[in-house]
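Asker: Heads up: the sequence shown runs through residues 539 to 756, numbered per this note's numbering. We treat Cβ as the ideally placed atom computed from N, Cα and C, and that holds for glycine. First, the structure itself, so that you have it in front of you.
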Amino acid sequence: MSLTGITARLREAEKSAGRAEGSVTLIAVSKVQPSPRVEAVLDEGQRVFGENYVQEAAFKWPTWRAKYAGIKLHMIGPLQSNKAKVAVDLFDAIHSVDRPSLAERLANLANARGASPDLFIQINTGEEPQKAGILPGQADDFIAACRAMYLPVVGLMCIPPDGEDPGSHFRMLAQIAERNGVEGLSMGMSSDFELAVAHGATHIRVGSAIFGDRAYAK
Ligand SMILES: *Cc1c(COP(=O)(O)O)cnc(C)c1O
């Protein structure tokens with residue numbers, strides 16, 4: 539696949555879901571991808587990117603930000619509290635607000651800076667013990683607590699369990715968002731983004747289908 543191919547499939551998915559053209563933001567997930575692949579996608583005009591690791595992103599993106607105007611960076615991986623300060627300076631959005639201590643840290647940073655990245659709350663829809671995220675039963679209270687701290691909660695995010703039908707998880711996320719008046723839905727990856735769009739995704743996070751497989755062994 540390629541950026542053009544994925545963009546075409548996204549436009550098609552928006553159309554069949556009765557969604558407005560361009561209403562879904564494509565986040566190109568560039569974690570651990572070799573620089574030439576990322577530069578090729580930048581040259582094709584893509585400006586919204588997702589990264590999982592604060593240090594890697596802090597290393598790679600200042601140069602590209604200087605070279606290409608209009609870049610928006612989304613943090614989609616787990617965020618350690620001790621990296622929160624670097625993260626809020628680097629990222630335009632954070633999709634992995636997954637615990638009260640992190641929300642408090644982000645609120646303190648927002649007060650000190652007078653600004654905050656857009657925040658998505660990660661929901662552990664599959665209630666998997668090894669996975670980050672707020673349990674569905676605690677989502678309403680957590681969203682309320684974040685709002686009470688004046689955090690800009692723009693959306694919810696989920697990563698469905700491997701080997702399960704992602705559709706039921708997308709549906710659950712959409713329901714939690716709906717009853718809490720949250721507009722953004724960050725859901726859908728390379729293998730299931732069309733289904734996510736059908737369930738109301740506003741942001742899809744697509745990596746390997748754009749850039750090719752990630753070679754983790756460096
Ligand atoms: C890596 C990653 C993606 C992209 O996954 P692909 O299957 O390569 O599209 C999306 N979301 C999160 C949270 C990720 O960590």
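Measure the C-alpha to C-alpha separation of residue 546 and residue 650 and round it to an integer number of angstroms.
Answerer: About 42 Å.
Asker: Alpha helix (DSSP H) containing residue 647: first to last residue?
Answerer: First-last of the alpha helix (DSSP H) with residue 647: 638-651.
Asker: Is residue 567 close to ligand 1? I mean its beta-carbon at under 7 Å from any heavy atom of the ligand.
Answerer: Yes - ligand 1 has a heavy atom lying nearer than 7 Å to the Cβ of residue 567.
Asker: Check residue 658 in the structure and name its three-state DSSP category.
Answerer: Note: residue 658 maps to strand in three-state DSSP.
Asker: Following a CB-centred definition, is residue 670 positioned closer than 7 Å to any heavy atom of ligand 1?
Answerer: Not under cutoff, so the answer is no.
Asker: How is the beta strand (DSSP E) around residue 743 delimited, first residue to last?
Answerer: That run of the beta strand (DSSP E) goes 741-744.
Asker: Taking 8 Å as the threshold (C-beta atoms), are residue 575 and residue 608 in contact?
Answerer: Cβ distance not < 8 Å, so residue 608 and residue 575 don't count as in contact.
Asker: Run through the DSSP bridge pairs and tell me what residue 724 is partnered with.
Answerer: Bridge partners of residue 724: 695, 741.
Asker: Give the straight-line distance between the Cα atoms of residue 751 and residue 589, rounded to the nearest whole angstrom.
Answerer: Their Cα atoms are separated by approximately 15 Å.
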